[in-house]
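Q: Just dropping this structure here.
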Amino acid sequence: MPEAPVARLENVSYYYPGAERPALLNLNLELAAGEVLGLVGATGAGKTTLCLALNGIVPQLYGGRFFGRAAVAGLDTVDHPIHELARHVGVVLQDPESQLVTASVENEVAFALENLGVAPDEIRRRVDEALAAVELDGLARKHPHELSGGQQQRLALAAALAQRPRLVVLDEPTAQLDPRASAEVFRLVRALSRERGTAFVVASHAAEELAQTAGRIAVLSRGGLAALGSPEEIFRDEALLRRERIRPPGVTAAFAALRAAGLTTRPPPVQLEEGLAALRELPPGRPFAVPEAPRDAGAPPVLVARDLRFAYPDGTRALDGVDLVVRRGEYVALLGQNGSGKSTLLRHFLHLLEPSSGRVEVEGRDVASRRVTDLARSIGYVSQNPDRQIFNPTVEAEVAFSLLPLRLPAAERAARVDRALGALGLLAFRGAHPLSLPKGDRARVVVAAVLVMDPAVLIFDEPTIGQDEAGARSILEVTRQLHREGRTVVVVTHHLHLMPDYAQRVVIMAQGRVLADTSLRAAYHAVDLLRTAHLEPPQAALLARALHPDNWALTPEELTASFAAGGGPPP
Amino acid sequence: MNRPSLQATRASAFSRLDFRAKLAVFAAASVAAVLWNDPRLSLGLMLATLGACLGAGISRGYLWLMGRLMAPFFLLLLLTHGFFNVQYVLRLTGHAHLTPLFTLPARLPLVGGMIFSAEGFYYGLNVIAKSMTLLLLVPLCVFTTDPNNLVVGLVRMRVPYPFAFAFTSTLRFFPLLFDEVASVIEAQRLRGFAAEELGPVARVRTYAKVAVPVILGALFKAQQVEVVLQSRGFSGRRGRTYLHDSRLGAASAATIALCALAVAVVVVLRIRLHLGAFVVPGGT
Amino acid sequence: MTDPETPLPAPLGPERTVKLLDSASVGGAPVAYVIVLAAVVAVLSFIPFSVALSAGSSFPMAQGVYPLMGWLLGPAGGAAASGLGALVGIFLAPHTAGIPWLTVGGAALSALVAACIVARGRGTLALAVLLLLAAEAVLFYRHATGANGVRPAVFLLAYGAHFAALALFLLPTRRWIGRLIESPDLRRVWIGLFLGTWCATGLMMFSESFVSYYLLNWPGPLFVMFIGVVPLEQAARSGIGAVIGTGVIAGLRSIALLKPPGARY
Chain A
0 MPEAPVARLE
10 NVSYYYPGAE
20 RPALLNLNLE
30 LAAGEVLGLV
40 GATGAGKTTL
50 CLALNGIVPQ
60 LYGGRFFGRA
70 AVAGLDTVDH
80 PIHELARHVG
90 VVLQDPESQL
100 VTASVENEVA
110 FALENLGVAP
120 DEIRRRVDEA
130 LAAVELDGLA
140 RKHPHELSGG
150 QQQRLALAAA
160 LAQRPRLVVL
170 DEPTAQLDPR
180 ASAEVFRLVR
190 ALSRERGTAF
200 VVASHAAEEL
210 AQTAGRIAVL
220 SRGGLAALGS
230 PEEIFRDEAL
240 LRRERIRPPG
250 VTAAFAALRA
260 AGLTTRPPPV
270 QLEEGLAALR
280 ELPPGRPFAV
290 PEAPRDAGAP
300 PVLVARDLRF
310 AYPDGTRALD
320 GVDLVVRRGE
330 YVALLGQNGS
340 GKSTLLRHFL
350 HLLEPSSGRV
360 EVEGRDVASR
370 RVTDLARSIG
380 YVSQNPDRQI
390 FNPTVEAEVA
400 FSLLPLRLPA
410 AERAARVDRA
420 LGALGLLAFR
430 GAHPLSLPKG
440 DRARVVVAAV
450 LVMDPAVLIF
460 DEPTIGQDEA
470 GARSILEVTR
480 QLHREGRTVV
490 VVTHHLHLMP
500 DYAQRVVIMA
510 QGRVLADTSL
520 RAAYHAVDLL
530 RTAHLEPPQA
540 ALLARALHPD
550 NWALTPEELT
560 ASFAAGGGPP
570 P
Chain B
0 MNRPSLQATR
10 ASAFSRLDFR
20 AKLAVFAAAS
30 VAAVLWNDPR
40 LSLGLMLATL
50 GACLGAGISR
60 GYLWLMGRLM
70 APFFLLLLLT
80 HGFFNVQYVL
90 RLTGHAHLTP
100 LFTLPARLPL
110 VGGMIFSAEG
120 FYYGLNVIAK
130 SMTLLLLVPL
140 CVFTTDPNNL
150 VVGLVRMRVP
160 YPFAFAFTST
170 LRFFPLLFDE
180 VASVIEAQRL
190 RGFAAEELGP
200 VARVRTYAKV
210 AVPVILGALF
220 KAQQVEVVLQ
230 SRGFSGRRGR
240 TYLHDSRLGA
250 ASAATIALCA
260 LAVAVVVVLR
270 IRLHLGAFVV
280 PGGT
Chain C
0 MTDPETPLPA
10 PLGPERTVKL
20 LDSASVGGAP
30 VAYVIVLAAV
40 VAVLSFIPFS
50 VALSAGSSFP
60 MAQGVYPLMG
70 WLLGPAGGAA
80 ASGLGALVGI
90 FLAPHTAGIP
100 WLTVGGAALS
110 ALVAACIVAR
120 GRGTLALAVL
130 LLLAAEAVLF
140 YRHATGANGV
150 RPAVFLLAYG
160 AHFAALALFL
170 LPTRRWIGRL
180 IESPDLRRVW
190 IGLFLGTWCA
200 TGLMMFSESF
210 VSYYLLNWPG
220 PLFVMFIGVV
230 PLEQAARSGI
240 GAVIGTGVIA
250 GLRSIALLKP
260 PGARY
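Chains as they are written, first to last, in numbering that gives the first Met the number 0: chain A, 0 to 570; chain B, 0 to 283; chain C, 0 to 264.
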C-alpha cells in the first residue's frame, strides 16, 4: 500500500487581508515522502505564500481568507495550531540573519525542541546530530552573528532538521549567498533527502541547482499552478519558460538554441554532465572568437589603487597588495566570493576606510585628502539593500534629498530632480512612498537619488541579489543606460551568467588579492582560475570550452554561432 | 562605530554562580548604595564592586572607558556639591557653618569669593561613589552570565518565558541592528550628508533620518522573526523544556542567603544606629 | 511598472474559518516585534545627542524614540521594548545612562505614557499614570522646597517644561494629540508626535529627576541652571521624536506590514 503523501493541497486559495487578488488560487498538489519538489515562478507568483501555507503560518499568522484544504502529515493546517504542525514541518527562509533568534549555535538548534517540550537528553542528542548533518559541529558555542552567510543558512537548516520533520520547506534559501555557499546548501538537501527520507520543498531561482536536486518542479503563476513535471519536462518547455519568465539551466538554454539552429535533434539536457556528454553528437567544435572593442588605454584613470593593503582591527588581512586601475567610460564587473575583499576595496575608493598601506586615488587625487561627502559627488554608490538608502516619505523627496547639501537654487534643484526621475522611469511615482514600490523600483529610486548628483562613476554593490531573472536584468539595463551616457560603471555580482551582456572587463578577487584583471571573455574562459575563486562560469561557456579549447563563446547564441563561424584567432 | 563586546573574557568563581545569585548580589549592593551616605562606606562599596568586576573578568578596557566617560559628569557633581550644597549638608551634619576647603579669589568675575566646603566635597564624593556602584553592578551581573543561562535563570525566578526570551534575544539582535545603523549612517554620508557640519536643527533632522530606515527595516525583520518563532513552535505555553538548566548549587544558595542577611543588617543598622548616615571624615 | 492583469477565476474550494494565532506576546505585542525594536532602542542609545549639556552629559537619541514604541506596540509591548532596549543600551553607553534602573524604568514609563496619548481608550491606564505622576510632583516639590530650601518659583521654572507635559497629559489635549497622530495628514502627525513626545519624555524625565533627587539631593543653584537647559533638551527630544516618528509612520502606512495589535498610527 503506497505511503500517504506528506503534504496535500486541495483547491487551496488564499487572499491576504484586504487584498483583492489572491496570492494562491485553486492549487492542487501532493508531495510524496522523501520527495524534493522545486518551486519556480516570477516574483509575486506565490512561492513564499505556498511555503508558509505548508506550516500554517498562512493563514493563522496573517489572517485573510483561506479556501480549500491543506494538510501536512495528515494535519489540516487551518485547524491545527502552528506549534503542533511544527513537529512535522521545518522552515528555512531567505534571510540568514533574521531567522537566528538565540545567542549560540547549539541553542539555535535546540530552540524548537525546547518549545515542543522534548526531554533535555533527547534535545542534546538531536542537537549534536543536526549540527553534524550540516557540518557545523565544533561551532556549538559560537554566536550566530560570527558565522558566514552560508554557515547561517546551514544552521537554520540544522534547526529545522532537529525537529525531525517529515517535510522541510526552504524559501529561496540561497538568494543571498555566494555560489559556493549556495552549492553547499543544495548538496546538503540532496544528501539529507537520500539519507533520511525527508521531503523537501525548495523555492528558488537557481535553475542549475534545482535541475540537479528536484525530482519534480512546480511552476507557479499568479498564485496558481501553471505546470508540474520533472525538471526535463519543465525546463524544456520554452513557451512556458517565456510566458512565466523563468530562466532554465544554462545547458538547457544552450542546447535549445542549438536545436533551433538545426545542429541537434536531441531534447535539451537539464544537467551539465549530460550536456557535456551530448557534445559528442554535435559537429566537431572549432575556434571561435567574438571581436571586442579595444580598451581605451588613453582614457584617464578614475579609480586607482596601488599596492593597497588593509587589515581590520582584529588583524584580519582583507586586502593584500591590490593594484587596480579603472578608466573613464569602462564597465567593470568585480567578482569574487563573500569575504574576497570586493566591498573592502570599493570602500577605500569612497574613503570609508583608511588603508594600512598603499595609495588610493579618485580622479587623479589621493582620497586621503578628500572627505567622504565630497567623494559622494564623484562616485555614486548603490548598496545591495536599497532600503537602507531610503530616508524620505516620497520618491521626489528622496531624490531631492541628495541635493540639499549643495544648496542649489530651487529651480535648478527641481530640474535636476525631474531629469533623474525621468531617466529612471519614475515620474509617475514621484508622490509615492518609496517603500510602497516593488524592490526593483526601490532600487531605481536609489539610483535616481544618486544620479541626481551627476557622478562620473557609479558603483553597484550586488544589485541583482535576491531578484528573479527579470528583476536582475531590469536593474542591469539601468547600468547599461548609465554606461552609454559615458559614465564609468563598476558592478559587484555573483550572477556571472548575466554579465556577458553588460561588462567588458572583469576583475576577479580572492583572499584580498586580484587574481585576474582581464576582458570578460578571457576571464570566463579561464575556468580553473574562476574555480580557484569559487566561481562557476556560465554553463554555455563550459560547453564551448569542451567543444574546442579556443571556443570563446559565452552565451547560447554565441555557441550556436560558433558552429557557423569560420573560426578565427582567439582574442 | 566600534561594536563593543558584552561578555567577560574569562571564567571566574563569580561567573560560575547562578544568575539568581548574581541578582541577589545586585539587589544587596544596590540597597547598600542607596542607603549609605557615609562617603567612606560609599567609596568602600564602590571599590569592592570594582574589585569584583575585575575579579569576575570584566574587561579592563571597558571599565576604563566607563570611568573616562563618566569623569566629566563626576567632576561637575563634585564642584556642584562643593560650591552649592549648603542647606542640605548643614541639615545632615547639624553644623552651624560649613568648613571651607578653599575660597575662590574675590577678583574672579561671577564666581569670586565662592567657598568650596569640606561637607560639600565629601557629600559629592558620596554621590559619585553611589552612582559608580550602581553603574558597575550591571556589567558585573550581566556580562558574567552566558545569555543562554540568563533565560533559564529568569524563568526559574518566575519571569514569564516570553519576556525572558525577549531579553536575551535582544542581545542576539543587537549586533545586527548596530551594523544596520552604521550602514545607514554611511549611506547618508555617501549622499553628501555630514551631520557634524550642519547647524543644530539640520543636525537633528539628519541624525533622526538615520533612525527611520533602521526602524522600518527592523519592523520588516520583526515580521520575519515572528514567522520563524511560530514555525519553531514558540507559543509561551507551559511544558517548555531547556537544554541548559539552572540549578542552585551550594555556592549560589549561600550567596543568596548571605545577601539577604546583608540587606537586613544594612537596613537595621541604618535605622537603629544610623550607620551609613552622612558624616564628614575626620569629625569636622 | 507592473502589467495590468486579466480577471481571475473564483476559488473552487470551500472557504475556511480562520482562527488567528494566539501567539506568545508581551502585553499583546508579538514577541518578535518587542525584540527587534528593543534592539533598535539599544543601538540608538549608542548615539549621543545633545544640543545643550545637561548635568555634564549628553542624552542618547533613543530617548526621542521611547514614546514611539508605545504608539507602535501599545502600552505593555512598548514599555517592554523601550525598557529592554534601554537596559541593553546601558551596557554600551554608560555615559548616557545615569542611574541604570532609573533609565530602564524611565524608558518604560515614557512608552507607557505615549500609549495613553491616543484618540480613544486606555482611560483607566492614563488615570493610573496620572495619579502616580501627581504624587511624584507633590513629593518632589515638598522635598526640594521644604527640606532643601529651593525657592518655589525656581523649582516651578526649572521644571516648567515638564509641568507643561503634565498639563498636556491631564487636559483633553491628550485625546487631541492622539487624533493628530492618527491623522492622514503627515503635517498634523508631525505636530502630534512633537507634542506627544514632549509629553511622554517630559513626564519620563520628571519622574527620573524625582527619584534621582531623593538619591543625590543636588543643591538649589543647579535648579537655576535647569531653567535654561531643560526646555532646550525637551525641544530636541521632541524634534527627534517628531522627525523619526513621522518618517516611520509614513513608511508603515505605505507598506503591507503586519500591524501589531495595540498600534495606533
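Beta carbons: idealized from backbone N, C-alpha and C, even for Gly.
Quick caveat: nothing in here was measured; it's all calculated off a predicted structure.
Taking contact to mean 3 or more Cβ pairs, one atom from each stretch, closer than 8 Å, check whether the stretch 198-215 of chain C and the stretch 385-399 of chain A are in contact.
A: Because the criterion of three Cβ pairs below 8 Å is not met, the stretch 198-215 of chain C and the stretch 385-399 of chain A do not touch.
Q: Answer with yes or no whether the minimum CB distance from A:Gln466 to chain C is below 9 Å.
A: No, A:Gln466 does not count as interfacial toward chain C.
Q: With H, G and I counted as helix, E and B as strand and the rest as coil, what does DSSP make of B:Thr240?
A: If DSSP states are grouped into helix, strand and coil, B:Thr240 belongs with coil.
Q: Run through DSSP, which three-state label would A:Val11 get?
A: Looking at A:Val11 - three-state DSSP - the assignment turns out to be strand.
Q: How big is the Cα-Cα spacing for A:Glu107 and C:Ser81?
A: So the alpha carbons of these two residues sit roughly 25 Å apart.
Q: Return the CA-CA distance between A:Asp500 and A:Leu23, expressed in angstroms with no decimal places.
A: Distance between the alpha carbons of A:Asp500 and A:Leu23: 35 Å.
Q: Could you list which residues in chain B have their beta carbon closer than 7 Å to that of C:Val87, in chain order?
A: Simply Thr169, Leu170 and Phe173.
Q: Counting only C-beta atoms, is B:Met0 closer than 9 Å to chain C at any point?
A: Its pLDDT being 46, under 50, B:Met0 is placed unreliably in this model, and the value from its coordinates should be taken loosely. So yes, B:Met0 belongs to the interface.
Q: Is the CB of A:Phe65 under 9 Å away from at least one CB in chain B?
A: No, A:Phe65 does not count as interfacial toward chain B.
Q: Assess, as a yes-or-no matter, whether the stretch 181-191 of chain A is touched by the stretch 441-455 of chain A under the definition of 3 or more beta carbon pairs within less than 8 Å.
A: These segments do not touch.
Q: What residues match up with A:Arg358 in a beta bridge as DSSP calls it?
A: Answer is A:Arg305, bridged to A:Arg358.
Q: Taking the C-alpha atoms as reference points, what is the distance between B:Val24 and B:Ala263?
A: Distance between the alpha carbons of B:Val24 and B:Ala263: 13 Å.
Q: Quick check on B:Met65: does DSSP put it in helix, strand or coil?
A: The answer is helix: DSSP assigns B:Met65 an H, G or I state.
Q: Answer yes or no: does any C-beta atom of chain A fall closer than 9 Å to that of C:Ala249?
A: So yes, C:Ala249 belongs to the interface.
Q: Would you grab the beta carbon distance between C:Phe193 and C:Ser237 for me? Rounded to a whole angstrom, and I think it's under 8 Å.
A: Indeed, because the Cβ distance is near 5 Å, the residues count as touching under 8 Å.
Q: Would you please state the rounded distance, in angstroms, between the beta carbons of A:Gly89 and A:Gln162? I believe it to be under 8 Å.
A: Rounded, the Cβ-Cβ distance is 5 Å, consistent with contact.
Q: Could you tell me whether the Cβ of A:Ala109 comes closer than 9 Å to any Cβ of chain B?
A: True, the Cβ-Cβ gap to chain B drops below 9 Å.
Q: In terms of residue numbering, what span does the beta strand (DSSP E) encompassing A:Thr517 cover?
A: It spans Arg512 to Ser518 - the beta strand (DSSP E) in which A:Thr517 sits, taken as one unbroken run.
Q: I'd like to know whether the C-beta atoms of C:Pro66 and C:Ala125 end up nearer to each other than 9 Å.
A: Cβ distance not < 9 Å, so C:Pro66 and C:Ala125 don't count as in contact.
Q: Could you tell me whether the Cβ of B:Thr240 comes closer than 9 Å to any Cβ of chain A?
A: It does: the Cβ of B:Thr240 has a partner Cβ on chain A nearer than 9 Å.
Q: Taking the alpha helix (DSSP H) that A:Ala161 falls in, what are its first and last residues?
A: Note, A:Ala161: alpha helix (DSSP H), Gly148 to Ala161.
Q: At a cut of 8 Å, does the stretch 82-91 of chain C reach the stretch 118-137 of chain C through at least three beta carbon pairs?
A: These segments do not touch.
Q: Go through its chain and collect everything with a Cβ distance to A:Ala252's Cβ below 6 Å, but skip five positions before and after it.
A: The residues are Pro555.
Q: Which residue or residues does DSSP assign as beta-bridge partners of A:Ala217?
A: DSSP output for A:Ala217 lists A:Leu38 and A:Leu227 as bridge partner(s).
Q: Would you mind working out which of A:Pro164, A:Arg486 and A:Ala543 sits nearest A:Arg326, comparing C-alpha positions?
A: For the residues A:Pro164, A:Arg486 and A:Ala543, the minimum Cα distance to A:Arg326 belongs to A:Arg486.
Q: Which one of A:Val513, A:Val505, A:Gly148 and A:Leu374 has the shortest CA to CA distance from A:Ser97?
A: The shortest C-alpha separation from A:Ser97 is found at A:Gly148.
Q: Using a Cβ-Cβ cut-off of less than 7 Å, list which residues of the stretch 380-395 of chain A approach chain C; keep chain order.
A: For the stretch 380-395 of chain A, which is checked against every Cβ of chain C, the residues closer than 7 Å are Pro392.
Q: In terms of residues, what are the limits of the alpha helix (DSSP H) holding B:Asn148?
A: Counting along the chain, the alpha helix (DSSP H) containing B:Asn148 begins and ends at Pro146 to Arg155.
Q: Chain C partners of B:Gln86, CB-CB under 9 Å?
A: Under the 9 Å cutoff, chain C gives Ala146, Asn147, Gly148, Val149, Pro218 and Gly219.
Q: Extract the residue ranges of the alpha helix (DSSP H) inside the stretch 57-136 of chain A, only unbroken runs of 4 or more that lie entirely within it.
A: The stretch 57-136 of chain A contains these whole alpha helix (DSSP H) runs: 81-84, 104-114 and 119-132.
Q: Is the distance from the Cβ of A:Ala540 to the Cβ of A:Leu528 below 9 Å?
A: No, these two residues do not count as a Cβ contact at 9 Å.
Q: Could you confirm whether any beta carbon from chain C is found closer than 9 Å to the beta carbon of B:Lys21?
A: No - not a single Cβ of chain C is within 9 Å of the one on B:Lys21.
Q: Provide the residue span of the beta strand (DSSP E) that contains B:Ile114, from first to last.
A: Looking at the DSSP string, the run of the beta strand (DSSP E) that includes B:Ile114 is Ile114 to Ser116.
Q: Within 10 angstroms of its Cβ, does C:Phe225 collect 16 or more other Cβ (buried), or is it exposed?
A: Buried, because 16 or more other Cβ atoms sit within 10 Å of the Cβ of C:Phe225.
Q: How many angstroms separate the CA atom of C:Ala163 from the CA atom of C:Arg174?
A: Their backbone Cα atoms lie some 16 Å apart in a straight line.
Q: Is C:Leu19 helix, strand or coil when you go by DSSP?
A: Here C:Leu19 sits in coil by DSSP.
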